[in-house]
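Novice:
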Amino acid sequence: MKILAFDTSTEYCSTALRHDGGIVKRETFAQRQHSELLLPMIQDTLTEAGLRLSDLDGLAFGAGPGSFTGLRIACGVAQGLALAASLPVVGISTLEAIAQQNTHDRIVVALDARMGEIYHAAYIRQDNRWKPVSEPALCQPQHAPALPDDGWIACGNGFKVYHAQLQTLYRDQLMALRGEQYPHAQEIAQLAASCSIADFCTDPAQAAPVYIRNKVALKESER
0 MKILAFDTST
10 EYCSTALRHD
20 GGIVKRETFA
30 QRQHSELLLP
40 MIQDTLTEAG
50 LRLSDLDGLA
60 FGAGPGSFTG
70 LRIACGVAQG
80 LALAASLPVV
90 GISTLEAIAQ
100 QNTHDRIVVA
110 LDARMGEIYH
120 AAYIRQDNRW
130 KPVSEPALCQ
140 PQHAPALPDD
150 GWIACGNGFK
160 VYHAQLQTLY
170 RDQLMALRGE
180 QYPHAQEIAQ
190 LAASCSIADF
200 CTDPAQAAPV
210 YIRNKVALKE
220 SER
């Protein structure tokens, strides 16, 4: 399958095109310029691969959790391109995309969600697919879900920002810490390629971000 993927859920902006067993990718530190950078990066990726949008079999985007604005940008672009080229589209969990970067079979992911909270999930690889042991959730680091057994790799910047709380919580269950990992379009494309046809939306309007959090700022009384 020829799948174009992109992610704007963090400060980074990335694109990846998976086809003929290879990958063409772009990535840049965008800060807050995702809306200006994403479409030119998509065009550059297609040009390098020698493909047009109409040549693709599907689109994939980082559906979240992550930056509210970033998730809306990626979803909006996915909907627009899918509608223009009559392509199916699938949203991929950004937390699962981080797990996909690792060869180990037990991955716990924590991303800094600001406001003293993290986006958290834990996965076990089974039959070359990720099975959630703990579903994506928003929580305070000291109240993160428990992990079964030990032998886990901890990934994501939540383990850097809230190192003390999460280390206290998980103690000897963690084998290694990879706090520099964040979602990439490359892994989003890989995960999309393993999806079934039923996972893709043929109606672009059905594609939607996964926010998890329902507010973007603390009230004055909560600060």
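Mapping of the sequence shown onto numbering that gives the first Met the number 0: residues 0 to 222, in sequence order.
Here a beta-carbon is modelled for each residue, glycine too, at the ideal position from N, C-alpha and C.
For V108, list the residues DSSP reports as bridge partners.
Specialist: Walking along the sequence shown from the start, residue 108 turns up at place 109. Answer is A120, C154, bridged to V108.
Novice: Distance, Cα to Cα, Q185 vs H142?
Specialist: Sequence index remark: in the sequence shown, residue 185 carries index 186 (1-based). Sequence index remark: in the sequence shown, residue 142 carries index 143 (1-based). Cα-Cα distance, rounded: 31 angstroms.
Novice: Just the C-alpha distance for R71 and A62, rounded to the nearest angstrom, thanks.
Specialist: Here the question's residue 71 lines up with position 72 in the sequence shown. Here the question's residue 62 lines up with position 63 in the sequence shown. Distance between the alpha carbons of R71 and A62: 9 angstroms.
Novice: Indicate whether the contact test is met: 3 or more Cβ pairs, each with one atom in the segment 24 to 31 and one in the segment 79 to 88, closer than 8 angstroms.
Specialist: The answer is no - the segment 79 to 88 does not touch the segment 24 to 31, with fewer than three Cβ pairs under 8 angstroms.
Novice: Could you check if R17 is buried or exposed, using at least 16 other CB atoms within 10 Å of its CB as the buried criterion?
Specialist: Looking up residue 17 in the sequence shown gives position 18. Flag for R17 reads buried.
Novice: Going by other Cβ atoms of all chains shown within 10 Å of its Cβ, with 16 needed for buried, is A163 buried or exposed?
Specialist: Translated into positions along the sequence shown, residue 163 becomes position 164. Looking at its Cβ environment, which holds fewer than 16 other Cβ atoms inside 10 Å, A163 is exposed.
Novice: Mind checking whether the beta-carbon of L36 lies closer than 7 angstroms to any heavy atom of the ligand ATP?
Specialist: For the ligand ATP, the structure offers nothing, since it holds no ligand at all.
Novice: Between the alpha carbons of A192 and Y210, how many angstroms are there, rounded?
Specialist: Position 193 of the sequence shown, counted from the start, is the residue given in the question as residue 192. Position 211 of the sequence shown, counted from the start, is the residue given in the question as residue 210. Rounded to the nearest angstrom, the two C-alpha atoms are 23 angstroms apart.
Novice: Does DSSP classify A29 as helix, strand or coil?
Specialist: By 1-based counting over the sequence shown, the position of residue 29 is 30. Residue state, collapsed to three classes: coil.
Novice: Tell me whether L173 sits in a helix, a strand or coil according to DSSP, three-state version.
Specialist: Residue 173 sits at position 174 when you count from the first residue of the sequence shown. Strand.
Novice: Decide if the segment 40 to 60 is in contact with the segment 146 to 156; the criterion is three or more beta carbon pairs, one per stretch, under 8 angstroms apart.
Specialist: Because the criterion of three Cβ pairs below 8 angstroms is not met, the segment 40 to 60 and the segment 146 to 156 do not touch.
Novice: Three-state secondary structure (DSSP) at C138?
Specialist: The sequence position of residue 138 within the sequence shown is 139, counting from 1. Looking at C138 - three-state DSSP - the assignment turns out to be strand.
Novice: Skipping 5 residues on each side, what residues in its chain have a beta carbon closer than 6 angstroms to that of A109?
Specialist: Residue numbering aside, residue 109 sits at position 110 when the sequence shown is read from its first letter. Result list for A109: I117, H119, G155, G157, F158, in chain order.
Novice: When you compare the CB positions of P203 and T93, do they come within less than 8 angstroms of one another, or not?
Specialist: Within the sequence shown, residue 203 is the residue found at index 204, counting from 1. Within the sequence shown, residue 93 is the residue found at index 94, counting from 1. Their beta carbons are not under 8 angstroms apart, which means P203 does not touch T93 by this criterion.
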